[in-house]
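Undergrad:
Residue numbers (the working numbering): 2 to 496.
(1) Who are the near neighbours of residue 192 in its chain, counting only those whose CB is closer than 8 Å to its CB and skipping five residues on each side?
(2) I need the straight-line Cα distance from residue 216 to residue 152, nearest angstrom please.
(3) Roughly how far, in whole angstroms, is the beta-carbon of residue 1 from the beta-carbon of residue 271, given that I think they are within contact range, below 8 Å?
(4) Quick one: measure Cβ to Cβ for residue 79 and residue 399, integer angstroms, because I've assumed they're closer than 8 Å.
(5) Would you kindly work out how many angstroms separate the C-alpha atoms of residue 444 and residue 223, rounded to a whole number?
(6) Less than 8 Å separating the beta-carbons of residue 364 and residue 160?
(7) Measuring alpha carbon to alpha carbon, tell me which of 319, 411, 75 and 117 ends up nearest residue 166.
(8) Going by DSSP, what residues sit across from residue 197 in a beta bridge?
(9) Between which two residues does the alpha helix (DSSP H) harbouring residue 97 extend?
(10) Mind checking residue 355: buried by the 16 CB within 10 Å criterion, or exposed?
(11) Might you give, ordered along the chain, the residues of its own chain that have their beta carbon closer than 6 Å to the beta carbon of residue 477, omitting 5 neighbours on each side?
(12) Any idea what DSSP makes of residue 22, helix, strand or coil?
(13) State buried or exposed for residue 227, treating a residue as buried only when at least 16 other CB atoms are found within 10 Å of its CB.
(14) Per DSSP, what kind of secondary structure is residue 238 in: helix, strand or coil?
(15) Just to confirm the assignment, what range does the alpha helix (DSSP H) spanning residue 429 have?
(16) Kindly indicate the opening and closing residues of the alpha helix (DSSP H) around residue 352.
(17) For the region 111–118 against the region 458–472, are there 3 or more C-beta pairs whose distance is under 8 Å?
(18) Let me check understanding here. Comparing Cα to Cα, which of 75, 232 and 324 lies closest to residue 157?
(19) I'd like to know whether the C-beta atoms of residue 311 and residue 180 end up nearer to each other than 8 Å.
(20) Below 8 Å on the Cβ atoms is my guess for residue 110 versus residue 339; work out the distance and round it to an integer in Å.
(21) With distance defined between alpha-carbon atoms, name the residue in 292, 420 and 124 nearest to residue 56.
(22) Let me check understanding here. Comparing Cα to Cα, which of 431, 148, 306 and 98 lies closest to residue 362?
(23) Nearest by alpha-carbon distance to residue 63: which of 464, 285 and 472 is it?
(24) CB-CB under 6 Å to residue 51, same chain, minus the five flanking residues each way: which ones, in chain order?
(25) When DSSP labels each residue in this structure, what does residue 323 get in the three-state scheme?
(26) In chain order, what residues of the same chain have a beta carbon less than 6 Å from the beta carbon of residue 454, not counting five sequence neighbours either side?
(27) Between the region 73–89 and the region 416–424, do three or more beta carbon pairs fall short of 8 Å?
(28) With H, G and I counted as helix, E and B as strand and the rest as coil, what does DSSP make of residue 292?
(29) Which same chain residues, not among the five before or five after residue 22, have their C-beta less than 7 Å away from its C-beta?
(30) Is it true that the CB of residue 429 sits closer than 8 Å to the CB of residue 230?
(31) For residue 393, collect the residues of the same chain with a Cβ closer than 8 Å to its Cβ; drop the 5 residues on either side in sequence, then sort them by chain order.
(32) Residue 131 and residue 317 look like a contact to me (Cβ under 8 Å); what is the Cβ gap, rounded to whole Å?
(33) Spatial neighbours of residue 135 within its chain, please: C-beta separation below 6 Å, excluding the five flanking residues on both sides.
(34) Let me know if residue 249 comes out buried or exposed under the rule of 16 or more other beta-carbons within 10 Å of its beta-carbon.
Here's what the structure looks like:
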């Protein structure tokens, strides 16, 4: 184990959280259990569920519920791998930190900046969604107004303490949870009372399979369903970027991670089953939110307006989480010499404000996209496809880090109280699943673009790393990593 890892692992948590004499202030552990729980729920319930599920249903039909279940199942193991490594060393600020420590400084650079780019792209998608819903609520509103106001609001939400961010995200998540529970309850009543729509369709669970079966478009349609659905889960790893600001992480992180299967079954599968039972899947408009459509169908006009506001809030919540995570990621990168020093400074409230402002500037790209695309949903699909490739890269780096972690630091794996289930083989299963996801993205023209954009990003990142690694700081970090890891195989073999 490297000297860096040894020194980190023996440092008491209480000492880490308090600024030492003459040292820079640290990120504050201001996120309590309710914050981290709702942050995890908010990360799992993304804009992709509210806005993208209509298109996913049109591609896969009722089999969409299996699409969400499979993705949720696979990502549970990514989260468990991330949780085990983060809890093995409480000085890790995020998964970018442990990727750099376990795989080498290059991995921290690639993971950190790719995650930053992913959330910037996702934030742009969220702004596109916000503009679309503002137009529905107030037709005729120029698209540039919400696209310009949103980044300003996000800055104001994130500049105060991390606890203020946690409170904002807590209530954002509560709104999303209440909206989905209200939708499920409304749908259950409609099914129980045999509600009949104006088109003559009767609300019944049989609508799930009486029109072409569960796989009406066959295997190909089922595969296409993964394209948009994967983006709905982007952000599920958000609790990993909040590790350094979480109170009692040994207790709160496992709670948040272990609740993922329940969240997927309730919020994804439960909501979509109800939607397709009430509203036959062929009649669901792929260009709009099925959540809004169902309340409109029920004759609850006010509720439909409220859900429009909820979906808008959901997009704002996602963008808010993204700005939070990118600012912390850039802060960590700067501390490791992988970003300008100015981004490694904290405000008096222990917020990386320079990194925050840097990330918010890039959200203005949403303005360009809104006026360059043919439609809001078209722009949303293109952007989310690029984000999906980037987030799968980050998830893959978490899994690769875990594979190497088990091999090089078996004593930490054995001592862990939060071991990943199936740790010997599940990382490989999930990595194979991500390869399948890339194949799925290549099947349609609007999502295939992501497979062109992503390699360009990695080429640019490779060029940036080539020059950055020449600096004295990076050379020292690389040598330290090499020295620390040359002794690991021998130590591991004797353990």
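A virtual CB, placed ideally from N, CA and C, is assigned to each residue, including glycine.
TA: Well, looking at it:
(1) As a first step, residue 192 must be located in the chain shown, where it is residue number 191. Once the five neighbours on either side are set aside, the close Cβ partners of residue 192 are 204, 205, 206, 275, 278 and 279.
(2) Counted from its first residue, the chain shown places residue 216 at position 215. Counted from its first residue, the chain shown places residue 152 at position 151. Taking the straight line from one Cα to the other gives about 41 Å.
(3) This structure leaves residue 1 out entirely; the chain is present only between 2 and 496.
(4) Taking the first residue of the chain shown as 1, we reach residue 79 at position 78. Taking the first residue of the chain shown as 1, we reach residue 399 at position 398. The pair is a contact, with the Cβ atoms about 6 Å apart (cut-off 8 Å).
(5) Locating residue 444 in the chain shown gives position 443, counting from the first residue. Locating residue 223 in the chain shown gives position 222, counting from the first residue. Taking the straight line from one Cα to the other gives about 12 Å.
(6) In the chain shown, residue 364 corresponds to position 363, counting from 1. In the chain shown, residue 160 corresponds to position 159, counting from 1. Going by C-beta atoms, residue 364 is not nearer than 8 Å to residue 160.
(7) Here the question's residue 166 lines up with position 165 in the chain shown. Nearest option by C-alpha distance: 319.
(8) Residue numbering aside, residue 197 sits at position 196 when the chain shown is read from its first letter. In the DSSP output, where bridge partners are listed per residue, residue 197 has 203.
(9) Residue numbering aside, residue 97 sits at position 96 when the chain shown is read from its first letter. First-last of the alpha helix (DSSP H) with residue 97: 96–104.
(10) Within the chain shown, residue 355 is the residue found at index 354, counting from 1. By the 10 Å Cβ count, residue 355 comes out buried.
(11) Along the chain shown, read from residue 1 onward, the residue named residue 477 stands at position 476. For residue 477, where only same-chain residues beyond five positions count, there are no Cβ hits under 6 Å.
(12) Along the chain shown, read from residue 1 onward, the residue named residue 22 stands at position 21. Its pLDDT being 38, under 50, residue 22 is placed unreliably by the model, and nothing is read from it.
(13) The count along the chain shown starts at 1 and reaches residue 227 at position 226. With 16 or more Cβ atoms within 10 Å of its Cβ, residue 227 is classed as buried.
(14) To locate residue 238, count along the chain shown from 1; it is residue 237. Residue 238 falls in the coil class under three-state DSSP.
(15) Stepping through the chain shown from its first residue, residue 429 is reached at position 428. 427–442 is the span of the alpha helix (DSSP H), which, as asked, contains residue 429.
(16) Here residue 352 is taken as the residue at index 351 of the chain shown, counted from 1. Neither: residue 352 is in no alpha helix (DSSP H) and is coded neither H nor E.
(17) yes
(18) In the chain shown, the residue the question calls residue 157 occupies position 156. Checked all of 75, 232 and 324; the closest Cα to residue 157 is 324.
(19) Here residue 311 refers to the residue found at position 310 of the chain shown. Here residue 180 refers to the residue found at position 179 of the chain shown. Yes; because the gap between Cβ atoms is below 8 Å, this pair is in contact.
(20) The count along the chain shown starts at 1 and reaches residue 110 at position 109. The count along the chain shown starts at 1 and reaches residue 339 at position 338. Correct: roughly 5 Å between the Cβ atoms.
(21) For the purposes of this step, residue 56 is identified with residue 55 of the chain shown, where counting begins at 1. The shortest Cα separation from residue 56 among 292, 420 and 124 belongs to 292.
(22) Residue 362 sits at position 361 when you count from the first residue of the chain shown. For residue 362, the nearest C-alpha among the options comes from 148.
(23) Position 62 of the chain shown, counted from the first residue, corresponds to residue 63. Per the Cα distances, 285.
(24) Here residue 51 is taken as the residue at index 50 of the chain shown, counted from 1. For residue 51, where only same-chain residues beyond five positions count, the Cβ hits under 6 Å are 290, 292, 312 and 315.
(25) As a working note, residue 323 is residue 322 in the chain shown. Three-state result, residue 323: helix.
(26) Here residue 454 is taken as the residue at index 453 of the chain shown, counted from 1. Only 387 meet the Cβ criterion.
(27) yes
(28) The residue given as residue 292 occupies position 291 in the chain shown. It is helical.
(29) Residue 22 sits at position 21 when you count from the first residue of the chain shown. Note that residue 22 scores a pLDDT of 38, beneath 50, so its modelled location is shaky; the value from the coordinates is reported in the next line. Cβ within range, chain order: n/a, list empty.
(30) For the purposes of this step, residue 230 is identified with residue 229 of the chain shown, where counting begins at 1. For the purposes of this step, residue 429 is identified with residue 428 of the chain shown, where counting begins at 1. Contact flag unset, no.
(31) Taking the chain shown and counting its residues from 1, the one referred to as residue 393 is at position 392. Closer than 8 Å at Cβ, skipping near neighbours: 231, 435, 438 and 439.
(32) To locate residue 131, count along the chain shown from 1; it is residue 130. To locate residue 317, count along the chain shown from 1; it is residue 316. That belief holds up - the Cβ atoms of residue 131 and residue 317 are roughly 6 Å apart, short of 8 Å.
(33) For the purposes of this step, residue 135 is taken as residue 134 along the chain shown, with counting starting at 1. Counting only Cβ-Cβ distances below 6 Å, and skipping sequence neighbours, we find 142 and 147.
(34) In the chain shown, the residue the question calls residue 249 occupies position 248. Exposed is the call here.
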